[in-house]
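One structure is given here, and the rest of the page talks about it.
Protein chains: 2
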Amino acid sequence: MTPSKSRKAVILLSGGLDSATVLAIAKDRGYDCHCLSFAYGQRQQIELERARGLAARAAAVHLVLRLDLDKIGGSALTSDQAVPKHRSGAEMAGPIPATYVPSRNLIFLAHAAAWAEVLGTGDIFIGVNALDYSGYPDCRPEFIAAFAKLLNLGTKAGVEGDAPFTIHAPLLHLNKGEIIKKGLELGVDYSLTHSCYDPDARGMACGACDACLLRRKGFREAGISDPLEYQE
Amino acid sequence: MTPSKSRKAVILLSGGLDSATVLAIAKDRGYDCHCLSFAYGQRQQIELERARGLAARAAAVHLVLRLDLDKIGGSALTSDQAVPKHRSGAEMAGPIPATYVPSRNLIFLAHAAAWAEVLGTGDIFIGVNALDYSGYPDCRPEFIAAFAKLLNLGTKAGVEGDAPFTIHAPLLHLNKGEIIKKGLELGVDYSLTHSCYDPDARGMACGACDACLLRRKGFREAGISDPLEYQE
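Those protein sequences? They're chains A and B, same order as listed.
Numbering-wise (my numbering), the first sequence opens with residue 797 and increments by one.
Numbering-wise (my numbering), the second sequence opens with residue 797 and increments by one.
Dropping the structure here:
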């Protein structure tokens, strides 16, 4: 698991709790971390500020790319569609909610692969989680496994074999409490992260969207108090 | 093969000969065509002008999205790296050339899938060709097949089954001459297309890059004169 000192990795960094933890894990494994974030047309910009802060604190290279996902639409995160609030665990296990962004992880991972190829590495880290999540199809293990196979068919690095791709998803089978405990062991400062889908103008988390509910559940499970304040 | 009148399809439209032909094929099959192009940081902008013209002529919806692939680099099409010229067929069958853009078709197809999902369709058309091409891995049949499988695992539409994805690649097994003959049957005006990787400031094709060589070979094979002029 421990690469040579100079081994690079691309880390998808949203500025949230999960990707902040993944960055710490990749650093701990000895990778030279190259963080990748997207100004994709998300309604709220605070997560990008958080991503910048986290990358700077980790002394990692950070690339922010533009995408026009708001022009495609279809999501409460890129339009004025209402963000669902106060959903139960059973509801989160039900139909995919309005906060799903069509093909988002696929588009993010495809860019990560492009950058990895240019950097001469096949290691990509992503903070997907298939336990405490909103049921997004592009967070599931079968998607991640199929994506890695696709890269090894459809890229120069994959085909020529000089840098076969590995998609590292170290949080895939952890619950939110375990993720937070892991991050705290590695020194993650969760006050620098942002999770909320629907913050107010000052960036304060709503406390009631899926992302807030899962985060708060995680801190409760970990027996730690969340450094963030909430509107409710 | 013929959809109901209202069936939508997303057509990846670069402004080149192949995608112009694919647009004509999709229209001929009765699809309501939604063309998708990218301002991805390509050095030359003429292909986007051509895409706009082709979509307008087909009375199709046209969406142009921005991507920052030039910030990722690694290609002669997004940087000042030299475009290889005068390559033989044997050379084109050799190592992947500098005009390869890392993950380009993957990123394009991922956006097409997102838009298709919002449009409520699973039909995506792409003009990849695995006979007369530069050996790009993301043009090969195995990549296209794996991508369709991935979509059916990693998207809401794929998982919920309301619009399973089909990646239509009607040119995959045609040579350039056959593509041109097919397009002419369907009324494609190839004077409105652009193929060259390295045009001059006026947009005139170089005549010697892979794209020009394959295009010229195609017109020779079809026994038709190419409506474009070349620098050499």
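Quick reminder that beta carbons are idealized off the backbone N, C-alpha and C, glycines included.
#1: If contact is defined by three or more beta carbon pairs under 8 angstroms, each pair taking one atom from either stretch, is the stretch 864 to 871 of chain A in contact with the stretch 837 to 852 of chain A?
#2: At 7 angstroms on the CB atoms, spell out the chain B contacts of Tyr896/A, in chain order.
#3: Compare the Cα-Cα distances from Gly931/A to each of Leu1009/A, Met888/A and His964/A and report the closest residue.
#4: If the cut-off is 8 angstroms on Cβ atoms, which residues from the stretch 851 to 874 of chain B count as contacting chain A, listed in chain order?
#5: Using three-state DSSP, classify Tyr896/B as helix, strand or coil.
#6: From Asp985/A, Ala1007/A and Val984/A, pick the residue whose C-alpha is nearest to that of Pro995/A; which is it?
#7: Distance cutoff 7 angstroms, beta carbons only. Does Ile975/A sit that close to anything in chain B?
#8: Would you mind sorting Pro937/A into buried or exposed? The rule is 16 or more other CB atoms within 10 Å of its CB.
#9: Expressed to the nearest angstrom, what Euclidean distance is found between the alpha-carbon atoms of Ser991/A and Lys823/B?
#10: Would you verify that the beta carbon of Ser899/B is, or is not, closer than 7 angstroms to some beta carbon of chain A?
#11: Mind pulling the chain B residues with CB within less than 7 angstroms of Lys945/A?
#12: Answer yes or no: do Leu808/A and Leu832/A have a C-beta to C-beta separation smaller than 7 angstroms?
#13: Restricting to Cα atoms, I'd like to know which of Ser884/B, Thr895/B and Gly885/B is closest to Gln877/B.
#14: Indicate the three-state DSSP secondary structure (helix, strand or coil) for Ala1018/B in the structure shown.
#15: So, helix, strand or coil for Tyr1079/A, using DSSP?
#16: Examine the Cβ distances between the stretch 977 to 992 of chain A and the stretch 934 to 952 of chain A and report whether three or more of them are shorter than 8 angstroms.
#17: Please determine, among Ala953/B, Cys1002/B, Asn971/B and Asp985/B, the residue with the shortest C-alpha to C-alpha distance to Val914/B.
#18: Quick check on Ser810/B: buried or exposed, where buried means 16 or more other Cβ atoms within 10 Å of its Cβ?
#19: In the DSSP assignment, find the alpha helix (DSSP H) that holds Asp824/A and state where it starts and stops.
#20: Please list the terminal residues of the continuous beta strand (DSSP E) segment that includes Ile920/A.
#21: Classify Ser800/A as buried or exposed, calling it buried when 16 or more other Cβ atoms lie within 10 Å of its own Cβ.
#22: Nearest chain A C-beta to Glu1039/B closer than 7 angstroms, yes or no?
#23: How close, in whole Å, do the beta carbons of Phe904/B and Phe961/B come, if the pair is a contact with beta carbons under 8 angstroms?
#24: Taking the Cβ atom as the reference point for each residue, do Ala912/B and Ile922/B lie within a distance shorter than 7 angstroms?
#25: Within a Cβ cutoff of 8 angstroms, which residues of the same chain sit near Leu970/B, ignoring the five residues on either side of it in sequence?
#26: Name the chain B residues that come within less than 8 angstroms of Ala909/A, Cβ to Cβ?
#27: Residue ranges of each beta strand (DSSP E) run of no fewer than 3 residues wholly in the stretch 846 to 928 of chain B, ordered along the chain?
#28: If I follow the unbroken beta strand (DSSP E) through Phe961/A, where does it start and stop?
#29: Kindly indicate which residue of Val897/B, Arg998/B and Gly826/B has the alpha-carbon position closest to the one of Ser875/B.
#30: Alpha carbon to alpha carbon, what distance is there between Tyr1026/B and Arg998/B?
#31: At 9 angstroms on the CB atoms, spell out the chain B contacts of Ile892/A, in chain order.
#32: Which chain A residues sit within Cβ distance under 8 angstroms of Leu949/B?
To lay it out plainly:
#1: yes
#2: Lys952
#3: Met888/A
#4: Along the stretch 851 to 874 of chain B, going in chain order, the ones with a CB nearer than 8 angstroms to a CB of chain A are Leu859, Leu861, Arg862, Leu863, Asp864, Leu865, Lys867, Ile868, Gly869 and Gly870.
#5: coil
#6: Ala1007/A
#7: no
#8: In the assembly as shown, Pro937/A is an exposed residue. Its beta-carbon has fewer than 16 other beta-carbons within 10 Å.
#9: 44 angstroms
#10: yes
#11: Ala942
#12: yes
#13: Thr895/B
#14: helix
#15: Residue 1079/A falls outside the range modelled here, since chain A spans only 797 to 1028, and no answer is possible.
#16: Short answer: they don't touch.
#17: Ala953/B
#18: buried
#19: First-last of the alpha helix (DSSP H) with Asp824/A: Leu813 to Asp824.
#20: Judged by DSSP secondary structure, Ile920/A falls within the beta strand (DSSP E) whose first and last residues are Asp919 to Phe921.
#21: Reliability fails at Ser800/A, whose pLDDT of 49 lies under 50, so the model's placement of it is uncertain and the value that follows must be treated cautiously. Per the 10 Å Cβ criterion, exposed.
#22: In the structure as shown, chain B starts at 797 and stops at 1028, and residue 1039/B therefore has no counterpart that could be examined.
#23: About 14 angstroms separates the two Cβ atoms, so there is no contact after all.
#24: no
#25: Asn925, Leu927 and Lys978
#26: Residues of chain B passing the Cβ test: Pro898, Ser899 and Leu902.
#27: 857 to 862 and 919 to 921
#28: Taken as a continuous stretch (DSSP letters only), Phe961/A belongs to no beta strand (DSSP E), as it is neither H nor E.
#29: Val897/B
#30: Taking the straight line from one Cα to the other gives about 11 angstroms.
#31: Lys952, Val955 and Glu956
#32: Pro933, Arg936, Glu938, Phe939 and Ala942
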